[in-house]
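Undergrad: Residue numbers (this note's numbering): 34 to 286.
The beta carbon of each residue, even a glycine, is placed where N, CA and C say it ideally should be.
These numbers come from a predicted model, not from an experiment.
Got a structure here, written out as C-alpha coordinates. Questions coming.
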Amino acid sequence: MTPRHHPGGAGDQQVVGAADVPARSAGADPHAARSLPRSRGSSSPEEAPARRPHPAQQVTEQLAARTREILERPRPEESEEQRAREKAVVHECRYLMRLLSTRRRSEGEMRGRLAERDVPADVAHEAMARIARAGLIDDAAFARDWVQQRRSLRALGDEALRRELEARRVDAELIEAALSEGQSDEEQRCRELVRSRIDHRDRERLREERDGSHRRRLSRRLDALLTRKGYPGDLAVHVIAGELRAAAEDPAA
34 MTPRHHPGGA GDQQVVGAAD VPARSAGADP HAARSLPRSR GSSSPEEAPA RRPHPAQQVT
94 EQLAARTREI LERPRPEESE EQRAREKAVV HECRYLMRLL STRRRSEGEM RGRLAERDVP
154 ADVAHEAMAR IARAGLIDDA AFARDWVQQR RSLRALGDEA LRRELEARRV DAELIEAALS
214 EGQSDEEQRC RELVRSRIDH RDRERLREER DGSHRRRLSR RLDALLTRKG YPGDLAVHVI
274 AGELRAAAED PAA
(Lines of atoms letter the chains of each structure in order from A and count residues from 1; the text may use other names and numbers.)
(Lines give C-alpha, C1' and ligand atoms only; values in the text may rest on other atoms or scores of the structure.)
Protein backbone atom coordinates (compact mmCIF):
# COMPACT_ATOMS: atom_id res chain seq x y z
CA MET A 1 0.00 0.00 0.00
CA THR A 2 1.32 3.39 -1.01
CA PRO A 3 1.95 5.59 2.02
CA ARG A 4 -0.21 8.61 2.24
CA HIS A 5 1.14 12.09 2.81
CA HIS A 6 -0.49 14.82 4.82
CA PRO A 7 -1.44 17.76 2.71
CA GLY A 8 0.75 19.98 4.83
CA GLY A 9 3.78 19.47 2.65
CA ALA A 10 6.90 17.50 2.12
CA GLY A 11 8.34 18.38 5.53
CA ASP A 12 5.55 16.71 7.50
CA GLN A 13 6.16 13.27 9.05
CA GLN A 14 4.87 10.12 7.46
CA VAL A 15 1.63 8.71 8.86
CA VAL A 16 1.41 4.99 9.39
CA GLY A 17 -1.54 3.36 7.70
CA ALA A 18 -4.25 1.47 9.55
CA ALA A 19 -3.07 -1.76 8.02
CA ASP A 20 0.28 -1.37 9.79
CA VAL A 21 -1.39 -1.20 13.31
CA PRO A 22 -1.82 -4.60 14.99
CA ALA A 23 -5.46 -5.58 15.33
CA ARG A 24 -6.93 -5.32 18.85
CA SER A 25 -8.35 -8.34 20.46
CA ALA A 26 -12.10 -8.53 20.72
CA GLY A 27 -13.42 -6.92 23.84
CA ALA A 28 -10.21 -5.08 24.63
CA ASP A 29 -10.46 -1.88 26.62
CA PRO A 30 -10.47 1.01 24.17
CA HIS A 31 -8.65 3.15 26.70
CA ALA A 32 -5.92 0.62 27.35
CA ALA A 33 -3.74 2.02 24.56
CA ARG A 34 -3.86 5.44 26.16
CA SER A 35 -3.03 4.27 29.70
CA LEU A 36 0.39 5.28 30.91
CA PRO A 37 2.76 2.91 32.75
CA ARG A 38 2.63 3.45 36.52
CA SER A 39 5.64 4.63 38.41
CA ARG A 40 7.70 1.96 40.06
CA GLY A 41 6.51 0.92 43.50
CA SER A 42 3.06 2.54 43.22
CA SER A 43 -0.17 0.57 43.38
CA SER A 44 -3.83 1.38 43.23
CA PRO A 45 -6.16 0.81 46.24
CA GLU A 46 -7.70 -2.09 44.34
CA GLU A 47 -4.32 -3.76 44.01
CA ALA A 48 -3.20 -3.26 47.67
CA PRO A 49 -3.55 -6.45 49.78
CA ALA A 50 -6.29 -6.33 52.47
CA ARG A 51 -4.85 -5.72 55.95
CA ARG A 52 -5.67 -8.56 58.37
CA PRO A 53 -6.91 -7.52 61.83
CA HIS A 54 -4.64 -8.14 64.82
CA PRO A 55 -5.41 -11.44 66.66
CA ALA A 56 -6.11 -9.56 69.92
CA GLN A 57 -8.57 -7.33 68.08
CA GLN A 58 -10.28 -10.39 66.64
CA VAL A 59 -10.68 -11.90 70.12
CA THR A 60 -12.04 -8.63 71.49
CA GLU A 61 -14.56 -8.35 68.68
CA GLN A 62 -15.65 -11.97 69.12
CA LEU A 63 -16.11 -11.50 72.88
CA ALA A 64 -18.08 -8.31 72.31
CA ALA A 65 -20.33 -10.08 69.81
CA ARG A 66 -20.82 -13.01 72.19
CA THR A 67 -21.63 -10.65 75.06
CA ARG A 68 -24.23 -8.83 72.96
CA GLU A 69 -25.74 -12.15 71.97
CA ILE A 70 -26.04 -13.28 75.60
CA LEU A 71 -27.48 -9.98 76.79
CA GLU A 72 -29.98 -9.79 73.97
CA ARG A 73 -31.06 -13.41 74.31
CA PRO A 74 -34.60 -13.58 75.67
CA ARG A 75 -34.66 -14.96 79.20
CA PRO A 76 -37.28 -17.45 80.25
CA GLU A 77 -39.67 -15.97 82.74
CA GLU A 78 -39.06 -17.23 86.29
CA SER A 79 -41.84 -18.94 88.13
CA GLU A 80 -43.05 -17.76 91.50
CA GLU A 81 -41.34 -20.76 93.11
CA GLN A 82 -37.98 -19.87 91.51
CA ARG A 83 -38.22 -16.27 92.64
CA ALA A 84 -39.02 -17.37 96.19
CA ARG A 85 -36.05 -19.75 96.23
CA GLU A 86 -33.67 -17.07 94.93
CA LYS A 87 -34.89 -14.69 97.62
CA ALA A 88 -34.27 -17.34 100.30
CA VAL A 89 -30.74 -18.04 98.99
CA VAL A 90 -29.84 -14.34 99.01
CA HIS A 91 -31.21 -14.02 102.55
CA GLU A 92 -29.02 -16.86 103.84
CA CYS A 93 -25.97 -15.53 102.00
CA ARG A 94 -26.41 -12.22 103.82
CA TYR A 95 -26.70 -14.08 107.13
CA LEU A 96 -23.44 -15.93 106.47
CA MET A 97 -21.74 -12.68 105.53
CA ARG A 98 -22.75 -11.20 108.88
CA LEU A 99 -21.18 -14.19 110.63
CA LEU A 100 -17.96 -13.77 108.68
CA SER A 101 -17.82 -10.07 109.48
CA THR A 102 -17.04 -10.87 113.14
CA ARG A 103 -14.36 -13.54 112.57
CA ARG A 104 -13.27 -16.25 110.15
CA ARG A 105 -15.50 -19.33 110.20
CA SER A 106 -15.03 -22.93 109.10
CA GLU A 107 -17.24 -24.46 106.45
CA GLY A 108 -18.66 -26.95 108.93
CA GLU A 109 -19.39 -24.18 111.40
CA MET A 110 -21.41 -22.22 108.83
CA ARG A 111 -23.28 -25.30 107.67
CA GLY A 112 -24.14 -26.01 111.30
CA ARG A 113 -25.52 -22.50 111.72
CA LEU A 114 -27.76 -22.95 108.68
CA ALA A 115 -28.98 -26.29 110.05
CA GLU A 116 -29.86 -24.62 113.36
CA ARG A 117 -31.99 -22.17 111.38
CA ASP A 118 -33.84 -25.07 109.69
CA VAL A 119 -32.80 -23.83 106.25
CA PRO A 120 -33.94 -26.23 103.47
CA ALA A 121 -31.09 -28.39 102.17
CA ASP A 122 -31.17 -27.06 98.61
CA VAL A 123 -31.15 -23.43 99.80
CA ALA A 124 -28.31 -24.10 102.26
CA HIS A 125 -26.28 -25.89 99.57
CA GLU A 126 -26.65 -23.02 97.10
CA ALA A 127 -25.86 -20.37 99.73
CA MET A 128 -22.68 -22.21 100.76
CA ALA A 129 -21.72 -22.67 97.10
CA ARG A 130 -21.96 -18.93 96.50
CA ILE A 131 -19.92 -18.16 99.62
CA ALA A 132 -17.28 -20.64 98.41
CA ARG A 133 -17.18 -19.12 94.91
CA ALA A 134 -16.58 -15.74 96.52
CA GLY A 135 -13.43 -17.17 98.16
CA LEU A 136 -14.75 -16.80 101.71
CA ILE A 137 -14.24 -20.42 102.80
CA ASP A 138 -10.70 -21.48 103.73
CA ASP A 139 -10.57 -24.10 106.47
CA ALA A 140 -6.77 -24.30 106.38
CA ALA A 141 -6.43 -20.59 107.12
CA PHE A 142 -9.19 -20.83 109.72
CA ALA A 143 -7.35 -23.62 111.57
CA ARG A 144 -4.02 -21.73 111.50
CA ASP A 145 -5.61 -18.55 112.87
CA TRP A 146 -7.49 -20.48 115.53
CA VAL A 147 -4.37 -22.26 116.81
CA GLN A 148 -2.29 -19.10 116.85
CA GLN A 149 -4.86 -17.02 118.69
CA ARG A 150 -5.83 -19.67 121.27
CA ARG A 151 -2.23 -20.45 122.07
CA SER A 152 -1.46 -16.77 122.51
CA LEU A 153 -4.57 -15.68 124.41
CA ARG A 154 -5.45 -18.78 126.43
CA ALA A 155 -2.22 -20.81 126.48
CA LEU A 156 -4.07 -23.91 125.29
CA GLY A 157 -2.34 -27.20 124.72
CA ASP A 158 -2.53 -29.13 121.49
CA GLU A 159 -5.17 -31.57 122.70
CA ALA A 160 -7.57 -28.78 123.66
CA LEU A 161 -6.97 -27.06 120.33
CA ARG A 162 -7.61 -30.33 118.52
CA ARG A 163 -10.93 -30.80 120.33
CA GLU A 164 -12.05 -27.25 119.54
CA LEU A 165 -11.27 -27.58 115.83
CA GLU A 166 -12.96 -30.97 115.65
CA ALA A 167 -16.07 -29.38 117.19
CA ARG A 168 -16.01 -26.89 114.30
CA ARG A 169 -15.87 -29.76 111.79
CA VAL A 170 -12.40 -29.05 110.45
CA ASP A 171 -10.76 -32.01 108.69
CA ALA A 172 -8.21 -33.91 110.78
CA GLU A 173 -5.49 -33.36 108.20
CA LEU A 174 -5.92 -29.59 108.34
CA ILE A 175 -5.95 -29.69 112.16
CA GLU A 176 -2.63 -31.52 112.34
CA ALA A 177 -1.08 -29.17 109.79
CA ALA A 178 -2.17 -26.14 111.82
CA LEU A 179 -0.83 -27.62 115.08
CA SER A 180 2.55 -28.35 113.54
CA GLU A 181 2.93 -25.05 111.66
CA GLY A 182 4.97 -22.55 113.64
CA GLN A 183 4.63 -24.73 116.72
CA SER A 184 6.40 -23.51 119.82
CA ASP A 185 7.64 -25.97 122.43
CA GLU A 186 4.58 -27.29 124.23
CA GLU A 187 6.56 -28.04 127.37
CA GLN A 188 7.85 -24.48 127.48
CA ARG A 189 4.32 -23.11 127.07
CA CYS A 190 3.18 -25.41 129.86
CA ARG A 191 5.97 -24.19 132.17
CA GLU A 192 5.16 -20.55 131.49
CA LEU A 193 1.51 -21.17 132.35
CA VAL A 194 2.37 -22.92 135.63
CA ARG A 195 4.80 -20.17 136.65
CA SER A 196 2.15 -17.53 136.02
CA ARG A 197 -0.14 -19.27 138.54
CA ILE A 198 2.38 -19.50 141.39
CA ASP A 199 2.37 -16.17 143.17
CA HIS A 200 4.62 -14.70 145.87
CA ARG A 201 2.55 -16.05 148.78
CA ASP A 202 2.65 -19.56 147.34
CA ARG A 203 6.42 -19.35 147.14
CA GLU A 204 6.70 -18.25 150.77
CA ARG A 205 4.45 -21.07 152.02
CA LEU A 206 6.32 -23.65 149.95
CA ARG A 207 9.60 -22.57 151.58
CA GLU A 208 8.20 -22.45 155.15
CA GLU A 209 5.93 -25.50 155.36
CA ARG A 210 7.13 -28.82 156.75
CA ASP A 211 4.18 -31.16 156.07
CA GLY A 212 3.80 -30.42 152.37
CA SER A 213 0.04 -29.70 152.61
CA HIS A 214 0.16 -26.48 150.60
CA ARG A 215 2.33 -28.15 148.00
CA ARG A 216 -0.29 -30.90 147.50
CA ARG A 217 -3.17 -28.43 147.25
CA LEU A 218 -1.27 -26.26 144.79
CA SER A 219 -0.27 -29.31 142.76
CA ARG A 220 -3.90 -30.47 142.45
CA ARG A 221 -5.00 -26.99 141.41
CA LEU A 222 -2.31 -26.71 138.76
CA ASP A 223 -3.03 -30.21 137.47
CA ALA A 224 -6.71 -29.34 137.01
CA LEU A 225 -5.72 -26.17 135.18
CA LEU A 226 -3.40 -28.00 132.76
CA THR A 227 -6.05 -30.65 132.13
CA ARG A 228 -8.57 -27.98 131.14
CA LYS A 229 -5.96 -26.37 128.91
CA GLY A 230 -5.37 -29.64 127.09
CA TYR A 231 -1.84 -30.56 128.19
CA PRO A 232 -0.96 -34.26 128.44
CA GLY A 233 -1.08 -35.77 131.93
CA ASP A 234 2.52 -36.99 131.98
CA LEU A 235 3.76 -33.59 130.84
CA ALA A 236 1.63 -31.86 133.47
CA VAL A 237 3.05 -34.02 136.29
CA HIS A 238 6.61 -33.44 135.13
CA VAL A 239 6.25 -29.67 134.79
CA ILE A 240 4.32 -29.14 138.05
CA ALA A 241 6.86 -31.09 140.08
CA GLY A 242 9.77 -29.17 138.63
CA GLU A 243 8.20 -25.73 139.00
CA LEU A 244 7.07 -26.31 142.59
CA ARG A 245 10.54 -27.52 143.55
CA ALA A 246 12.11 -24.47 141.91
CA ALA A 247 9.61 -22.13 143.64
CA ALA A 248 10.41 -23.64 147.03
CA GLU A 249 14.13 -23.25 146.54
CA ASP A 250 14.21 -19.79 144.99
CA PRO A 251 11.58 -17.16 145.88
CA ALA A 252 12.30 -15.28 142.68
CA ALA A 253 11.91 -18.37 140.46
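How far does the alpha helix (DSSP H) with R116 in it extend, from its first residue to its last?
TA: Note, R116: alpha helix (DSSP H), E113 to T135.
Undergrad: Report yes if the CB atom of L226 is closer than 9 Å to the CB atom of L258, and no otherwise.
TA: yes
Undergrad: Just the Cα atoms here: how many angstroms apart are E114 and M161?
TA: 20 Å
Undergrad: Does the region 199-214 come within contact of the region 266-279, defined as at least 3 CB pairs closer than 8 Å?
TA: no
Undergrad: Alpha carbon to alpha carbon, how far is R138 from G145? Give it in angstroms, no decimals.
TA: Taking the straight line from one Cα to the other gives about 11 Å.
Undergrad: Looking at the structure shown, is H87 part of a helix, part of a strand, or coil, going by DSSP?
TA: coil
Undergrad: Alpha carbon to alpha carbon, how far is E111 from R166?
TA: 24 Å
Undergrad: Would you mind working out which of S185, R248, D191 and Q221 sits nearest R261, comparing C-alpha positions?
TA: D191
Undergrad: Helix, strand or coil for G245? Go by DSSP, reduced to three states.
TA: coil
Undergrad: Does any CB atom of chain C fall closer than 9 Å to the CB of S252?
TA: The question asks about chain C, but that chain is absent: this structure has only one protein chain.
Undergrad: Count the other CB atoms within 10 Å of the CB of I103; is the residue buried (16 or more) or exposed (fewer)?
TA: exposed
Undergrad: Going by the beta-carbon positions, is the gap between I164 and L129 smaller than 9 Å?
TA: In this structure, L129 lies closer than 9 Å to I164 by Cβ.
Undergrad: Can you give me the start and stop residues for the alpha helix (DSSP H) that S213 sits inside?
TA: A205 to S213
Undergrad: Are E140 and D172 touching if we call contact CB-CB under 9 Å?
TA: yes
Undergrad: Find the nearest neighbour of D362 within the set R254, G168 and E220, judged by alpha-carbon distance.
TA: Outside the displayed span of the chain (34 to 286) sits residue 362, for which this structure offers no information.
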